[in-house]
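Okay, so here's the structure we're looking at.
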Amino acid sequence: NMHVAVHARAHQLDPQTQIFAADVLDGLSQPQKSLSPKYFYDDAGSELFVEITKLPEYYPTRTELGILRDRAGEIAALIPPNAAIVEFGAGATTKIRILLAAHKVAAYVPVDISGDFITAQAEGLRRDFPDLAVYPVAADFTEPFELPGALRELPKVGFFPGSTLGNFEPQEAAHFLASARGILGQGAQLIIGVDLEKDERLLVPAYDDSAGVTAKFNLNVLERINRELGGDLEVPSFRHRAIYNRDQHRIEMHLVSLREQNVRILGEDIAFRAGETIHTENSYKYSLPRFRALAQESGWTLKRSWTDADGLFSVHALEA
Ligand code: AVJ
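The sequence shown begins at 2 in the UniProt record's numbering and counts up by one.
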């Protein structure tokens, strides 16, 4: 986009911010305005997400941790001795530590776009697991990447917790699973956390909590546009909305413009009608049969599935 290039140069944006700028202007010029959920996670957004995971209404994190703790022995029994665990989109190390404490593995490879963050996390792991080789890889895990050469001879186990898969469109999810299979290789396994379909009365409050933290998290992307792109968005003129789209099996988050308004971002004018929304996130929910079908069409075999007693969340072991 010529305009973006011109404005980006005029505003002296670094390459990452230029990509953000182009995505924002592109997303906000569509008939259904949209922004990618990956832009939630600047420093402020990452902190708000940690707050979300502690909310009483947000069941996924604590439920998945419960499953991992209760089933650590059974999961560990599936992991071959001397394995290398490759975590896709590694954030906090709380979840991987449960597996590492239950089972001795040779190597741990956290893969994340934020190299600084995983390098810092790797320090703590090396201290607490002195025999563990930690090889952080700074990469966008949704694109093909190379595993460190030291892993060549080791059996590989992928780890993809948190229902991060839920942010992918169904065809993107299939593409990711197939590509993970290619990266990990024949005979590999994948331990993956997947959020389940459930009653709307539990689902919607998890994305529209009474303390308003998710609203802040959603609205923060507008603050980020103002901060990084010098936008003039009036944040209080937008409101957080979470709805369950039953036909598509997904929670949708939107930002609703409370009035007709024009905003200016990097010299571009963007018009909003009263009630018009920016679609900011999809969080797909699966049934066990739909997840099994997805795994199978991506070249994996579903070996085992675990859920909590209330059937809120699931963890699966897949084999390539
Ligand atoms: C990080 C994508 C798993 O979909 O539950 C939480 C993000 N958005 N509350 C989710 C999120 C609003 C979260 N994932």
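All C-beta atoms in this analysis are idealised placements derived from N, C-alpha and C, irrespective of residue type, glycine included.
Keep in mind it's a predicted model, so treat the numbers as computed, not measured.
Segments of 4+ residues assigned as alpha helix (DSSP H) that fall wholly inside the segment 138-184: none
DSSP three-state call for His211: helix, strand or coil? If you number the sequence shown from 1, residue 211 lands on position 210. A small correction: the amino acid at residue 211 is Ser; His does not occupy that position in the sequence shown. Of the three classes helix, strand and coil, the one that applies to Ser211 here is coil, per DSSP.
Touching or not, the segment 267-275 and the segment 149-156, by the rule of three or more beta carbon pairs under 8 Å? With a cut-off of 8 Å, the segment 149-156 and the segment 267-275 do not count as touching, because too few Cβ pairs lie within range.
Tell me the DSSP secondary structure of Leu267 in three-state form. For the purposes of this step, residue 267 is identified with residue 266 of the sequence shown, where counting begins at 1. DSSP places Leu267 in coil when its eight states are reduced to three.
What does the Cβ neighbour count give for Thr302, buried or exposed, with the cut at 16 atoms within 10 Å? Sequence index remark: in the sequence shown, residue 302 carries index 301 (1-based). By the neighbour-count rule (16 or more Cβ atoms within 10 Å), Thr302 is not buried but exposed.
For Ser37, which three-state DSSP category applies? As a position in the sequence shown, residue 37 is number 36, starting the count at 1. Correct three-state label for Ser37: coil.
If you measure from the CB of Gly167, is any heavy atom of the ligand AVJ nearer than 7 Å? If you number the sequence shown from 1, residue 167 lands on position 166. Gly167: yes, Cβ under 7 Å from the ligand AVJ.
Name the residue from Ala151, Pro111, Glu124, Pro162 whose alpha carbon lies nearest to the alpha carbon of Phe314. In the sequence shown, residue 314 corresponds to position 313, counting from 1. Taking only the C-alpha atoms, the option nearest Phe314 is Pro162.
Does the segment 179-190 come close enough to the segment 210-225 to have 3 or more Cβ pairs within less than 8 Å? no
Which of the three DSSP states, helix, strand or coil, is assigned to Val222? Here residue 222 corresponds to residue number 221 of the sequence shown, with the count starting at 1. Looking at Val222 - three-state DSSP - the assignment turns out to be helix.
From Ala93 to Thr120, what does the alpha carbon distance come to, in whole angstroms? Within the sequence shown, the letter at position 92 stands for residue 93. Within the sequence shown, the letter at position 119 stands for residue 120. Linking Ala93 to Thr120 through their CA atoms gives a straight-line distance of about 12 Å.
Got a sec: does the ligand AVJ put a non-hydrogen atom nearer than 7 Å to the Cβ of Gly163? Translated into positions along the sequence shown, residue 163 becomes position 162. At least one heavy atom of the ligand AVJ is nearer than 7 Å to the Cβ of Gly163, so yes.
Pull up the distance between the alpha-carbon of Leu191 and that of Glu320, whole angstroms please. Here residue 191 corresponds to residue number 190 of the sequence shown, with the count starting at 1. Here residue 320 corresponds to residue number 319 of the sequence shown, with the count starting at 1. Near 6 Å, if we compare the C-alpha coordinates of Glu320 and Leu191.
According to DSSP, is Glu253 helix, strand or coil? Here residue 253 corresponds to residue number 252 of the sequence shown, with the count starting at 1. Of the three classes helix, strand and coil, the one that applies to Glu253 here is strand, per DSSP.
Quick check: Ala91 and Pro61, are their CB atoms within less than 8 Å of each other? Taking the sequence shown and counting its residues from 1, the one referred to as residue 91 is at position 90. Taking the sequence shown and counting its residues from 1, the one referred to as residue 61 is at position 60. Not in contact: Ala91 and Pro61 (Cβ atoms no closer than 8 Å).
Please list, in chain order, all residues of the same chain as residue 326 whose beta carbon is under 6 Å from its beta carbon, the five residues on each side excluded. Since the displayed the chain opens at 2 and closes at 321, residue 326 lies outside it and no answer follows.
Exposed or buried, Leu220, counting other C-beta atoms within 10 Å across all chains shown (16 or more means buried)? Start at 1 with the first residue of the sequence shown, and residue 220 comes out as number 219. Leu220 is classed as buried because its beta carbon has at least 16 other beta carbons within 10 Å across all chains shown.
Simplified DSSP state of Phe89, which is helix, strand or coil: Taking the first residue of the sequence shown as position 1, residue 89 is located at position 88. Residue state, collapsed to three classes: strand.
Taking the continuous alpha helix (DSSP H) assigned at Lys96, which residues delimit it? Working through the sequence shown from its first residue, we reach residue 96 at position 95. 95-103 is the extent of the alpha helix (DSSP H) around Lys96.
Distance cut-off 7 Å: residue 1 Cβ against heavy atoms of the ligand AVJ: Outside the displayed span of the chain (2 to 321) sits residue 1, for which this structure offers no information.
Throw me the rounded Cβ distance for the Ala216 and His241 pair, which I believe falls under 8 Å. As a first step, residue 216 must be located in the sequence shown, where it is residue number 215. As a first step, residue 241 must be located in the sequence shown, where it is residue number 240. So it is a contact: roughly 4 Å between Cβ atoms.
Going by DSSP, name the residue or residues bridged to Arg240. If you number the sequence shown from 1, residue 240 lands on position 239. DSSP, once it has assigned bridges, lists Val257 as partnering Arg240.
Just the Cα atoms here: how many angstroms apart are Ala22 and Asp311? As a working note, residue 22 is residue 21 in the sequence shown. As a working note, residue 311 is residue 310 in the sequence shown. Straight-line Cα distance between these residues: approximately 43 Å.
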